[in-house]
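**Student:**
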Amino acid sequence: MAATQFRIWRQDGAEGEGGYRDYTTEVTEGMVVLDAVHQIQAESANDLAVRWNCKAGKCGSCSAEVNGNPRLMCMTRMSDLPADRPVTVEPMRAFPVIRDLVCDVSWNYEVKKKIEPFEPRPPDAEDGTWRIAQEDVERVQEFRKCIECFLCQDVCHVLRDHHLHDEFVGPRFFVYNAALEMHPLDTRDRLASLKRDEGIGYCNITKCCTKVCPEHITITDNAIIPLKERVVSEFYDPLKKLFRVFSGGSRA
Amino acid sequence: MEQTPYEYDVLVVGAGGAGLRAAIEASAAGASCGVICKSLLGKAHTVMAEGGMAAAIGNVDERDDWKVHVTDTLRGGQYLSNPKMAEIHAKEAPARALELEAWGALFDRTKDGRILQRNFGGHRYPRLAHVGDRTGLEMIRTLQDHGIHRGIDFHMEYTVFRLLLDDGRVSGALAYDRERGRFRVYRAKSVVLATGGIGRAFKITSNSWEYTGDGHALAYDAGADLIDMEFVQFHPTGMVWPPSVRGILVTEGVRGEGGILLNSDGERFMFDDIPPLYKDQTADSAEEGWRYVVGDRDARRPPELLTRDHVARCIVDQIKAGKGSPHGGVYLDIAWIKEKISSSEEHIRKKLPSMYHQFKELAGLDITKEQMEVGPTTHYVMGGVRVDAESQMSSVPGLFAAGECAAGLHGANRLGGNSLSDLLVFGKRAGEYAAAFASEQGDVRLDEAAASAAVKEALEPLEREGGEGPYQIQHELQDLMQEKVGIVRIESELEEAIDEIGRLSDRARAVSAPGNREYNPGWHTALDLHPLLVVSEAVARAGLMRRESRGAQFRDDYPRKDEHFGKVIIRVARGADGEMVVEETPVEPMSDELTRLVEEMG
């Protein structure tokens, strides 16, 4: 048992002025940051707003910035934080605050709607099913692990600092594109929209997203870079360009 | 009301597997469709499902078919299930699984490239289609992503707190949004409830804050029947240490992959108590159990894969006998398979990746090397809204229910893996029949007076000053249910619990939850108290009436099965005076064909 100091961001509604408020609560063995926030909510701040669900790192609801680092509060153990200074908890900064630790992530849901949906090739077998090798399943499993916590979006400087939300879909949706593009059954082509509408060129591979992913998805190396390469070979390959000129295509 | 009502043919309440599948079907039938979810889209409890979905596709063992699946389900439910639902479920689950694949879900594969199926408790053959131990995530994301391209409206972070009726027929719902605290009216020709479970009525649970029995209480308040409410599934393996993670689920898949249960003396105690109903299907030795795990078709399954009700009780018995682990559980060991497999550590990480992470990150424990400590956790409610087997319509015209908040499929105990398939099979049917009902019916009238009165009532905790806080009542209720209506029950304690729930209900009507309307968790907790208290009372009263031990209900004062109670289910409904009415009603009859099957399969 140890009394621990917290500095938690409080803000009254989207337009309200926000600021840190100090709280103290007893931290016991095995506690995670979300436990401490709930304890503070029950003890001294009944109306402290925090979004959470599964408390097991599987739903991606309790994203926040703990001591300045984008984290799932339910997977951040108190024992891993320095004990000699207050623990700072604030909402994700790349999205508008609704109240306290809760922010408006609806933009992400709108972006997803615009991405070309999955469309399978015709079934392989007479019974209407497909034959897929386990290794082809495993190739995209990494991307399909994504729990949509949006921490990668939070930390991406194209969104966080440059606010290019209208031109750039962010790491989460490059992972989503990669899952679809590398899906063993998918038939659609998303390269033109990746280049034109989704702004993949803005990513300058600083790998900040990969560092914060709680599912340990190698976002930059395994999703973004391969997609960038595909876009380059589709639109900047001189032979393909020539081919397009002669065939009258104008995809680029 | 601040805004004009939303209007839909079909309104779906809940966006887990059942709600999403219902919405997809309703919109495919041409109905306009709205979905209300209590949290953000894709965060519902389906996302937590780990093991897989049961569907007798027969890819791993071709002896499997719907006939074996239905008899497994009926046996697991101790013959209290609605046999027609069990039959529909077993017949349609394979098509629902394959359809998911056509929508982009990727399951693990067999060597010849078909969907791989794994062993699970109570299933005779390997039957669960799965993706490692994150099948639920794959399923909810597939449905969510399929759904967003179909013109379905999603209302995220809205909570429905009242159904509206028009002359006995459902006409819509009343909700508040968490983000801004506004009220919204929904007018709908049919409503599908898909709100999941009631786990938050208990202290130790694998369920998140959302699972307060909303759909159960909404249906009950609207006059629908609830059944089987005494049957609450305590999953045998929840985490017990550290305290803050107590109750978080440890998938049955650990045991499916060869994990064994041990007491503090290192004894594999599950071999000591095998119920007669399962004697012929259970391994005689550790050696036979392992052969089953690695796919020997002549081997019988290890006793760790007996049904959840039984395994949970055996664990409780060990703890009571002083043979528990230091933190009040028993040991679950998967690391031991290193004796059998040379690359066991890699194998475990691959087969159970999220369990590996969960223990590593929350308990600082490496499951490839060390034993886990586990104990029972409230996981699922078999009871819920009584529905027609074909259409999923409740006794209230136009009101449908699917998934965990509906009842009938699982009887006295649910088999692992039968929930994900339940969601898809009956979610689809609910959507289909709700759309048909809407197209056949004329417009409904909104009862504005009832809506205004309900809104006024919902605002009271926010406006009331000096009352008790809602958390206090919630915590007292959870302690009470855990202590007196939990895994082992007895008449005197159930009676005490019912009295205490009455007192808590009185206190709940006088709570204060001051603050703003925007994202005010105290206010939301105050509004969740009503459904929590309704379902708690229903569980306690139904448990009191069933004077026997069967499936998930264990009565210390009636420790055996009773022939009479094998023929009845307990119905709970709201009486004319507002009091809860509880009565016995006959089990749904079984068709001759099913009766024959059950006899043949033993």
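Here the protein sequences come in this chain order: V and W.
Take the first sequence: its letter number 233 is residue 234 in my numbering, and every next letter is one higher.
Take the second sequence: its letter number 450 is residue 432 in my numbering, and every next letter is one higher.
Note that beta-carbon positions come from the ideal geometry of N, C-alpha and C, so glycine has one too.
Taking 6 Å as the limit between beta carbons, can you name the residues of its chain near W/L406, skipping five residues before and five after?
**Tutor:** Position 424 of the second sequence, counted from the start, is the residue given in the question as residue 406 of chain W. For W/L406, where only same-chain residues beyond five positions count, the Cβ hits under 6 Å are R3 and R78.
**Student:** W/P443 and W/V516: beta carbons closer than 7 Å?
**Tutor:** Taking the first residue of the second sequence as position 1, residue 443 of chain W is located at position 461. Taking the first residue of the second sequence as position 1, residue 516 of chain W is located at position 534. No, the Cβ-Cβ distance between W/P443 and W/V516 is not below 7 Å.
**Student:** Please list, in chain order, the chain V residues whose beta carbon lies closer than 7 Å to that of W/G560.
**Tutor:** One-based indexing of the second sequence puts residue 560 of chain W at position 578. Those within 7 Å of W/G560 in chain V number zero; the least Cβ separation is about 30 Å.
**Student:** Per the contact definition of three or more C-beta pairs closer than 8 Å, is the stretch 181 to 197 of chain W in contact with the stretch 454 to 470 of chain W?
**Tutor:** As far as the Cβ criterion goes, the stretch 454 to 470 of chain W touches the stretch 181 to 197 of chain W, which means the pair count is three or higher.
**Student:** Interface residues of chain W around V/T188 at Cβ under 8 Å?
**Tutor:** Mapped onto the first sequence, residue 188 of chain V falls at position 187. Result: empty, since nearest Cβ-Cβ is about 12 Å, beyond 8 Å.
**Student:** Using CA atoms only, rank isn't needed, just tell me which of W/E161, W/G357 and W/A479 is closest to W/N498.
**Tutor:** For this step, residue 498 of chain W is matched to residue 516 along the second sequence. The shortest Cα separation from W/N498 among W/E161, W/G357 and W/A479 belongs to W/E161.
**Student:** On the three-pair Cβ rule with 8 Å, is the stretch 345 to 362 of chain W touching the stretch 312 to 326 of chain W?
**Tutor:** Yes: the two stretches touch, three or more of their Cβ pairs being nearer than 8 Å.
**Student:** Considering just the uninterrupted stretch of the alpha helix (DSSP H) at W/D54, what are its terminal residues?
**Tutor:** Taking the second sequence and counting its residues from 1, one reaches residue 54 of chain W at position 72. First-last of the alpha helix (DSSP H) with W/D54: W48 to G58.
**Student:** Spell out whether any CB of chain V is found under 7 Å from the CB atom of W/I256.
**Tutor:** Within the second sequence, numbered from 1, the residue matching residue 256 of chain W stands at position 274. Taking Cβ atoms only, chain V never reaches closer than 7 Å to W/I256, which makes this a no.
**Student:** Flag this pair as yes or no: are the beta carbons of W/A417 and W/A8 separated by less than 7 Å?
**Tutor:** Position 435 of the second sequence, counted from the first residue, corresponds to residue 417 of chain W. Position 26 of the second sequence, counted from the first residue, corresponds to residue 8 of chain W. Yes.
**Student:** Taking three-plus beta-carbon pairs below 8 Å as touching, is the stretch 362 to 370 of chain W in contact with the stretch 211 to 222 of chain W?
**Tutor:** Touching, yes.
**Student:** Nearest to V/P215 by alpha carbon, out of V/E168, V/E111, V/Y110 and V/C63?
**Tutor:** As a first step, residue 215 of chain V must be located in the first sequence, where it is residue number 214. Nearest option by C-alpha distance: V/C63.
**Student:** Secondary structure at V/I99, three-state DSSP: helix, strand or coil?
**Tutor:** Here residue 99 of chain V corresponds to residue number 98 of the first sequence, with the count starting at 1. Strand.
**Student:** For a contact defined as C-beta to C-beta under 8 Å, what are the partners of V/P227 on chain W?
**Tutor:** What you label residue 227 of chain V is simply residue 226 of the first sequence in a count that begins at 1. Ordered by position in chain W, no residue passes the 8 Å Cβ test against V/P227, which lies about 18 Å from the chain.
**Student:** Out of W/T28, W/W48, W/M572 and W/H105, which one is the CA nearest neighbour of W/A371?
**Tutor:** Here the question's residue 371 of chain W lines up with position 389 in the second sequence. For W/A371, the nearest C-alpha among the options comes from W/M572.
**Student:** Output the distance between the C-alpha atoms of V/M183 and V/C147, rounded to the nearest integer angstrom.
**Tutor:** On the first sequence, residue 183 of chain V is found 182 positions in, with the first residue counted as 1. On the first sequence, residue 147 of chain V is found 146 positions in, with the first residue counted as 1. Approximately 15 Å between the Cα atoms of the pair.
**Student:** State the CB to CB distance for the pair V/F7 and V/T26, rounded to an integer number of angstroms; the pair is presumed to be in contact (CB under 8 Å).
**Tutor:** Translated into the one-based positions of the first sequence, residue 7 of chain V becomes position 6. Translated into the one-based positions of the first sequence, residue 26 of chain V becomes position 25. About 7 Å separates the two Cβ atoms, so the contact holds.
**Student:** Residues in the stretch 128 to 146 of chain V with C-beta within 8 Å of chain W's C-beta atoms, listed in sequence order?
**Tutor:** The residues in question are G129, T130, W131, R132, I133, A134, Q135, V138, V141, Q142, R145 and K146.
**Student:** Compute the distance between the beta-carbons of W/G393 and W/G133, then report whether it is under 7 Å.
**Tutor:** Here residue 393 of chain W refers to the residue found at position 411 of the second sequence. Here residue 133 of chain W refers to the residue found at position 151 of the second sequence. For W/G393 and W/G133, no; Cβs fall outside 7 Å.
**Student:** Quick one: give me the first and last residue of the alpha helix (DSSP H) that V/C209 is part of.
**Tutor:** Residue numbering aside, residue 209 of chain V sits at position 208 when the first sequence is read from its first letter. V/C209 -> alpha helix (DSSP H) spans C209 to V213.
**Student:** Roughly how many whole angstroms lie between the Cα atoms of W/G223 and V/E168?
**Tutor:** Position 241 of the second sequence, counting from 1, holds the residue named residue 223 of chain W. Position 167 of the first sequence, counting from 1, holds the residue named residue 168 of chain V. The question names Gly, yet the displayed sequence has Trp at residue 223 of chain W. When rounded, the distance between both Cα atoms is 46 Å.
**Student:** Can you give me the C-alpha to C-alpha distance between W/D90 and V/K115, rounded to a whole angstrom?
**Tutor:** To locate residue 90 of chain W, count along the second sequence from 1; it is residue 108. To locate residue 115 of chain V, count along the first sequence from 1; it is residue 114. Cα to Cα, W/D90 sits roughly 29 Å from V/K115.
**Student:** Going along the chain, which residues of the stretch 16 to 45 of chain V sit with their C-beta nearer than 8 Å to a C-beta in chain W?
**Tutor:** If the cut-off is 8 Å between Cβ atoms, the stretch 16 to 45 of chain V has T29, E30, G31, M32, V33, D36, Q42 and A43 near chain W.
**Student:** Quick check for students: name the residue ranges of the alpha helix (DSSP H) that lie wholly in the stretch 361 to 407 of chain W, counting only runs of 4 or more.
**Tutor:** Complete alpha helix (DSSP H) runs here, min 4: none at all.
**Student:** Indicate whether at least one CB of chain W lies closer than 7 Å to the CB of V/P83.
**Tutor:** Looking up residue 83 of chain V in the first sequence gives position 82. So, not an interface residue.
**Student:** To be precise: take each residue of the stretch 127 to 141 of chain W, compare its Cβ to all Cβ atoms of chain V, and keep it if any distance is under 9 Å. Which residues remain?
**Tutor:** Taking 9 Å as the Cβ-Cβ cut-off against chain V, the residues of the stretch 127 to 141 of chain W that qualify are D127, H128, I130, H131, F136, M138 and E139.
**Student:** W/Y168 and V/V103: beta carbons closer than 7 Å?
**Tutor:** As a first step, residue 168 of chain W is located in the second sequence; it is residue number 186 there, counting from the start. As a first step, residue 103 of chain V is located in the first sequence; it is residue number 102 there, counting from the start. Against a cut-off of 7 Å, the Cβ pair of V/V103 and W/Y168 comes out as no contact.
**Student:** In its own chain, which residues sit with a C-beta less than 8 Å from the C-beta of V/L160, not counting the 5 before and 5 after it?
**Tutor:** Counted from its first residue, the first sequence places residue 160 of chain V at position 159. So the qualifying residues of the chain are A95, Q154, H166, F169 and G171.
**Student:** Quick check on V/A253: does DSSP put it in helix, strand or coil?
**Tutor:** As a first step, residue 253 of chain V must be located in the first sequence, where it is residue number 252. Caution is warranted here: a pLDDT of 38 is assigned to V/A253, below 50, making its placement in the model unreliable, and the coordinate value is therefore given only provisionally. Of the three classes helix, strand and coil, the one that applies to V/A253 here is coil, per DSSP.
**Student:** Within 7 Å (strictly less), CB to CB, does V/A50 reach chain W?
**Tutor:** Residue 50 of chain V sits at position 49 when you count from the first residue of the first sequence. So yes, V/A50 belongs to the interface.
**Student:** For V/Q6, which of helix, strand or coil comes out of DSSP?
**Tutor:** Within the first sequence, residue 6 of chain V is the residue found at index 5, counting from 1. Of the three classes helix, strand and coil, the one that applies to V/Q6 here is strand, per DSSP.
**Student:** Please name the residue or residues paired with W/D429 in a DSSP beta bridge.
**Tutor:** If you number the second sequence from 1, residue 429 of chain W lands on position 447. Answer is none; W/D429 lacks a bridge partner.
**Student:** Taking C-alpha atoms, which residue in W/M562, W/V293, W/L88 and W/G548 lies nearest to W/N64?
**Tutor:** Numbered from 1 along the second sequence, position 82 holds the residue referred to as residue 64 of chain W. Here the closest residue by C-alpha is W/G548.
**Student:** Going by beta-carbon coordinates alone, are W/A111 and W/Q99 separated by less than 7 Å?
**Tutor:** In the second sequence, residue 111 of chain W corresponds to position 129, counting from 1. In the second sequence, residue 99 of chain W corresponds to position 117, counting from 1. Yes, the pair counts as a contact, with Cβ atoms nearer than the cut-off.
**Student:** Just checking my contact of V/M74 with V/V112 at CB under 8 Å: how many whole Å lie between their CB atoms?
**Tutor:** The residue given as residue 74 of chain V occupies position 73 in the first sequence. The residue given as residue 112 of chain V occupies position 111 in the first sequence. 24 Å between Cβ atoms; not a contact.
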